[in-house]
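Engineer:
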Amino acid sequence: MKPQDDYRNGDGGATSAASRSDDSEGEEISALEQELSLDDPEAPARALAALNALRKARQHYDVLLAAAGEEVAAHRAVLAAVSPRLLAALGAGPPAAAPETLRVSGVEADALRELVEYAYTGRLRVRDAATARRLYRAAAKLRVEPARAHLAERLMRRLTAHDCLALRVLPDLAPHHRAQLDTFIAQNFDEICESGALAALPLIRIELLRETSADGGEEAPAAVADAALAWLRDHHAADVDLEELCSRTHLLFVDANGSLRDCGELPAARGDAPELQEYRREARERERGQRRRDKPPDRAGEDEVLGESSVIAARAGVGTNGGGAGAAVTRAVVAIRGRLAGARVAWRIGNAEGPRGGRLGGTRPDEAPPEPDCAGEVRAHMTVGRCAVGAAALGQRLVVCGGYDRARVLRAAEAYDPQTNAWSPLPDMKRARARFPAARLGNSLYVFGGSDGQTELDSVDVYEEDAAGGGSWRARARMPLARSHAAAAADEARGALYVVGGWAGGRSLRAVHRYSPDEDRWSEAPALVTGRSQCAGVVWEDALWVFGGCDAWNCIASTEMLPLDGRSSAWIEGPPLGTARRSVGAAVW
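Under our numbering, think of the first position of the sequence shown as 2, with each following residue one higher.
1. Examine the Cβ distances between the segment 463-474 and the segment 504-517 and report whether three or more of them are shorter than 8 Å.
2. Between the segment 435-454 and the segment 494-502, do at least 3 Cβ pairs fall closer than 8 Å?
3. Measuring only the C-alpha atoms, how far is D304 from P203?
4. Would the beta-carbon of A581 fall within 9 Å of that of N555?
5. Where does M383 fall in DSSP's three states?
6. Would you give the residue range spanned by the beta strand (DSSP E) that L65 belongs to?
7. Taking the runs of the beta strand (DSSP E) that are 3 residues or longer, which of them lie wholly in the segment 534-583?
8. State the beta-bridge partners of I205 as determined by DSSP.
9. Quick check on this structure: which residue in L230, E279, I205 and S311 has the alpha carbon closest to the alpha carbon of L243?
10. So, A526 versus L563, is the Cβ gap smaller than 9 Å?
11. Return the CA-CA distance between V463 and L446, expressed in angstroms with no decimal places.
12. Would you mind working out which of E574, I557 and P426 sits nearest A528, comparing C-alpha positions?
13. Rounded to whole angstroms, what's the CA-CA distance from G302 to E245? Just pull it up for me.
14. Could you name the residues of the same chain whose beta carbon sits closer than 7 Å to that of G386, not counting the 5 residues immediately before and after it, in chain order?
15. Check each candidate in G532, C247, H486 and I207 and name the one with the smallest Cα separation from A229.
16. So if DSSP puts R434 in a beta bridge, which residue, or which two residues, is it bridged to?
17. Verify whether the separation of the beta carbon atoms of R135 and A112 is less than 9 Å.
18. Note down the Cα distance separating P356 from S310, rounded to an integer number of angstroms.
19. Three or more C-beta pairs under 8 Å: does that hold for the segment 164-182 against the segment 60-80?
20. Between the alpha carbons of S149 and C264, how many angstroms are there, rounded?
21. Mark L103 as exposed unless 16 or more other C-beta atoms lie within 10 angstroms of its C-beta, in which case mark it buried.
22. Within 10 Å of its beta-carbon, does P577 have 16 or more other beta-carbons around it, so buried, or fewer, so exposed?
23. Who does L91 pair with in a DSSP beta bridge?
24. Measuring alpha carbon to alpha carbon, tell me which residue in M430, S509 and A329 is nearest W474.
25. Quick one: which unbroken beta strand (DSSP E) runs of 3-plus residues sit fully inside the segment 500-539? Chain order, please.
26. Can you tell me whether A488 is buried or exposed? The criterion is at least 16 other CB atoms within 10 Å of its CB, across all chains shown.
27. Does the beta-carbon of E286 have 16 or more other beta-carbons within 10 angstroms, so that it is buried, or is it exposed?
28. State the beta-bridge partners of W474 as determined by DSSP.
29. If you draw a straight line from the C-alpha of T250 to the C-alpha of V346, how long is it?
30. Just grab the DSSP bridge partners of L125 for me.
31. If you reduce the DSSP assignment to three classes, tell me which class L210 lands in.
32. Which same chain residues, not among the five before or five after G318, have their C-beta less than 7 Å away from its C-beta?
33. Just verifying my parser: in three-state terms, what is the DSSP assignment at V589?
34. Please classify S485: does DSSP put it in a helix, a strand, or coil?
35. On the DSSP letters alone, give me the boundaries of the beta strand (DSSP E) that C402 sits inside.
36. How is the beta strand (DSSP E) around L411 delimited, first residue to last?
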């Protein structure tokens, strides 16, 4: 078969269907395979569009065509696929060098093969859940976001006690998927323990030493796990290997204040058990080894981003430990700096000459909680660190969506409820975006343009909540101009939204556009006096205000005001800010 014909077999035509039928002859596609597999007919077009953009930017092209004194960059394979004449001409040249071999670490061969097939055809065949997890890891590693997002969503539909931990360790899970998994693990932890799934996780072993068993182990499992996790997080470097933490048992004691301390810090005392003496000696050797180390381990090439630490689930049990049968044991699943591990925390009864410790945490369950400090209440953290977000108040909640983490542009959205001081996940936006404004009008939240990490966007999405408290995103009319770093403001009185300034084509914009949600239509508004991006905008006292920002080179202190009551059809300069600034926020107070 000629290469030209072979290419046509993959272009989605009738021959392609016959080829797929031949490939699957005699096989019955299971319901599971149908559910997990991905058929994305737009993927080849997206790949070809990206290839064209790279060619125009003179990146990764491998041939130059010359005609009439001009050169056109291109890709040999694309030319050979569309033109028999060029196929023959390209094949008639001198023999090409052997193709470069790119080593892809951390990706299994079958997963790599399937992802390459997906890049060309838009089809990703997934036979079972184990294959889906392998493909997910490869897609996350290579940043093939459509495949990664599809696999994550399908895997989350089939949570079981047997495989939920295998899903939780997957990289780059969306915040709402992590929250869903953490809730499932906490609610089904007994069944997870009985299934043996914990054995697949690295295990951190901790023993807690106290003088007598009178108070030993009566604390709640979550409190024990929280205290152990706090000690691990606070007493080990951020780059410590999880494998190193799991390589030995950590012997700790509860001091008089209820805090955990390493028994390696204890001075030698008469009557110390031999294992305590040995533990202290090993601790001294580790400390000397760390002092000799000139620099931390080389972690170049690792993609893992350090995450937060938390206890996902914990339960009490009994075991046989240094204190004998019946000693209290806490089993837990913890996330430590973004990595999942099992933890086993057991109480060991000491002797009269051992350390006299207090109660873990320093208080009893029936004691009053500590008073708030002078700084006031501490507000809950977002579920994921992010920057360049869109944010606006919607109802009684604050919604934050999109932005960048340290790895990619985000689609995730979440809402903060000040009454409960808690964040909850919202449905993902229609597409990933950062450097964009968000504005509320009525009961709807709008997001405008921004950047997907490669180019400015003109797309607009709206989030609308229903009476039951749920909600969804839907696309609205595109802006007349793609832009990032714009400002947006809502004119509640007239039911309109404004997008002001921004960045596009390497310059700060004067352009202002008005959007009517009722008509789903855009119109031009008077242009700014000064082009600016990374500015802030609000509607206040029947006028649209814009503050600060930057031009191509400098931060701006100026402000401008556009009357909305018809008094003027042009922007009026307002009082300047005290300090020139960009990436500024503003709100009516």
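Just so you know, even glycine gets a beta-carbon here, dropped at the ideal spot from N, CA and C. Given the structure is predicted, the values throughout are model-derived calculations rather than measurements.
Structural biologist: In this structure, then:
1. no
2. yes
3. Low confidence applies here, because D304 scores a pLDDT of 39, under 50, leaving its location unreliable; read the following figure in that light. Distance between the alpha carbons of D304 and P203: 20 Å.
4. yes
5. coil
6. V64 to A68
7. 537-540, 544-548, 560-564 and 573-575
8. A344
9. I205
10. yes
11. 5 Å
12. E574
13. Low local confidence applies: a pLDDT of 37 at G302 is under 50, so the model's placement there is unreliable, and no value is given.
14. D406
15. I207
16. Answer is none; R434 lacks a bridge partner.
17. yes
18. In this prediction, P356 scores a pLDDT of 45, lower than 50, which makes its location untrustworthy; the coordinate-derived value is nonetheless stated afterwards. Between P356 and S310, the C-alpha separation is close to 29 Å.
19. no
20. Going by the sequence as given, residue 149 is Arg instead of Ser. Answer to the nearest angstrom: the Cα atoms are 45 Å apart.
21. exposed
22. exposed
23. Beta-bridge pairing links L91 to no other residue.
24. M430
25. 513-517 and 522-526
26. buried
27. exposed
28. Y464
29. 10 Å
30. L39
31. strand
32. V330 and R332
33. coil
34. strand
35. R398 to C402
36. Per DSSP, L411 belongs to no beta strand (DSSP E) and is neither H nor E.
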